[in-house]
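In my numbering, the protein residues as written are 795 to 1260.
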């Protein structure tokens, strides 16, 4: 009976231990603002912008090449004509016995120098036989020769057309390479390290991190938000127009400032990240092809024209921009969305306790396994088993997810059809997967080693007792 209970407890442990550890790691990451900042930093937003624009330019070039040359439609026609010519050439060569004739003719030339009369006589007889065969089959040979010549003419015309199309494609590519946009992208690539450094230290580590922290504090304090009246029920359902109880959650308004604090000679100043900080870095960077244009692009970001243009896009999301600060109206979630959102808040509010619960669960099950086991060595072996093998499986799964995220489109075809968006999506998917599953995989790799050590100790004790 004790042995049966040991096996049942082991099965439960195999499920509970990895689940609680996984939940504790993922939830700990989910409520840590540094996790999100690390993901965003790893995206290298300026570099990603350059890569995305390059993909967009390549896509535009392909479209223009296709539009002007019809290359993709012409290639199958060209290949078909080439194959038809090659097939007819082979058929003509076989029917006309070209290889046999040429081989004998060469042998005659070689023997003529050596004066081997008997061999020469035999070869000339064979050559005469081929000529007689050609004379008898003149009609069939002429027909296949005409077909071969016709196929050859069509193929050569298609080959000339292909060369012309390839020349046109090269001209299009060369003209695009010298375009102004490419020069600007080259300039951005040169100044990218300096811009990325300022973006990370002044904006991501301070402004954006503060905003993320504000919302995480809201999400992880469910009871406090209920007590403060930010989670409540209203009798009027605006969406349905009916008098009924409806759940509502009032989130903190978004305030994200592009005006960052910069320390200059011990004096703290406030500057616009784009129109002032970035412009200064561009001016300090040597070797740029169009520095004036680049500075004007960032300078205009702080103008009323840029803000008016930005507001046309932001207003659909309930956002507005003024003086370099992005603000939102009051954010209120209601109805079914609020119900689901509250459940998420309840889970995240418990996140800070999950690591302790996970540690307690692991220790509890391991301790019970030792208590239930008839011998200490048996307890070691069972404890090692429930720790090692689930950990190995999770390590394999974690590595597989990270590898699959390098190019998610290979696993899920057409997940993002547009090549520009696809390039950005691939980078986001890989970066997020790496930050989520790398720590998870590392923890379970360590646990698999610990599990293996426990099993080895159990076997050694068994050998010693034997």
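Note that beta-carbon positions come from the ideal geometry of N, C-alpha and C, so glycine has one too.
Can you pull the DSSP bridge partners for residue i?
i: residue 1026; result: 1042
i: residue 1062; result: 1057
i: residue 1121; result: 1049 and 1114
i: residue 1128; result: 1042
Over what stretch of residues does the alpha helix (DSSP H) that includes residue i continue unbroken?
i: residue 797; result: 796–824
i: residue 1006; result: 1003–1013
i: residue 1078; result: 1073–1078
i: residue 1021; result: 1016–1021
What residues in its chain sit with their C-beta under 7 Å from that of residue i, if we drop five residues either side in the sequence?
i: residue 1166; result: 796, 799, 800 and 803
i: residue 1246; result: 1178 and 1182
i: residue 1025; result: 1019, 1043 and 1136
i: residue 1189; result: 1235, 1238, 1239 and 1242
i: residue 1222; result: 837
i: residue 1160; result: 1177
i: residue 1132; result: 1041, 1042 and 1043
Taking only three categories from DSSP, how would you classify residue i?
i: residue 1139; result: helix
i: residue 1115; result: strand
i: residue 892; result: helix
i: residue 1083; result: coil
i: residue 1169; result: coil
i: residue 1106; result: helix
i: residue 931; result: coil
i: residue 1246; result: helix
i: residue 864; result: coil
i: residue 839; result: helix
i: residue 1260; result: Residue placement at residue 1260 is flagged as unreliable, the pLDDT there being 48, under the threshold of 50; a coordinate-derived value is accordingly withheld.
i: residue 959; result: helix
i: residue 882; result: helix
i: residue 1144; result: coil
i: residue 1182; result: helix
i: residue 1201; result: coil
For residue i, collect the residues of the same chain with a Cβ closer than 6 Å to its Cβ; drop the 5 residues on either side in sequence, then sort them by chain order.
i: residue 879; result: 945, 946 and 949
i: residue 1248; result: 1174, 1177 and 1178
i: residue 1050; result: 1005 and 1120
i: residue 1200; result: 1224
Quick one: what's got a C-beta closer than 8 Å to residue i's C-beta in the same chain, skipping five residues either side?
i: residue 815; result: 1152, 1156, 1237, 1238 and 1241
i: residue 1056; result: 996, 1062, 1063, 1064, 1065 and 1071
i: residue 1093; result: 1069 and 1073
i: residue 962; result: 859, 862 and 863
i: residue 1112; result: 1122, 1123 and 1125
i: residue 966; result: 855, 858, 859 and 862
i: residue 998; result: 831, 834 and 835
i: residue 1233; result: 819 and 823
i: residue 1075; result: 985, 988, 989 and 992
i: residue 1163; result: 800, 803, 804, 807, 1173, 1176, 1177 and 1180
i: residue 825; result: 1010, 1013, 1014, 1142, 1145 and 1146
i: residue 1008; result: 1046
For residue i, decide whether its Cβ has a neighbour in chain C, counting only Cβ atoms nearer than 8 Å.
i: residue 919; result: Reference to chain C is not applicable here, since this structure consists of a single protein chain.
| task | Decide if the stretch 1114–1121 is in contact with the stretch 1008–1019; the criterion is three or more beta carbon pairs, one per stretch, under 8 Å apart. | result | Segments in contact, no.
| request: Tell me, please, whether the stretch 980–998 touches the stretch 1062–1079 by the rule of three or more beta-carbon pairs shorter than 8 Å. | output: yes
| message | Is it the case that the stretch 856–865 contacts the stretch 874–888, given that we only count it when at least three CB pairs across the two stretches are under 8 Å? | response | No: the two stretches stay apart, fewer than three of their Cβ pairs being nearer than 8 Å.
| request: Taking 8 Å as the threshold, find out whether the stretch 1136–1153 comes into contact with the stretch 812–829 through three or more Cβ pairs. | output: yes
| task | Count the CB pairs spanning the stretch 923–942 and the stretch 830–846 that are closer than 8 Å, and state whether there are at least three. | result | no
| said: Taking 8 Å as the cut-off, does the stretch 921–941 touch the stretch 951–959 (at least 3 CB pairs, one atom from each stretch)? | reply: No: the two stretches stay apart, fewer than three of their Cβ pairs being nearer than 8 Å.
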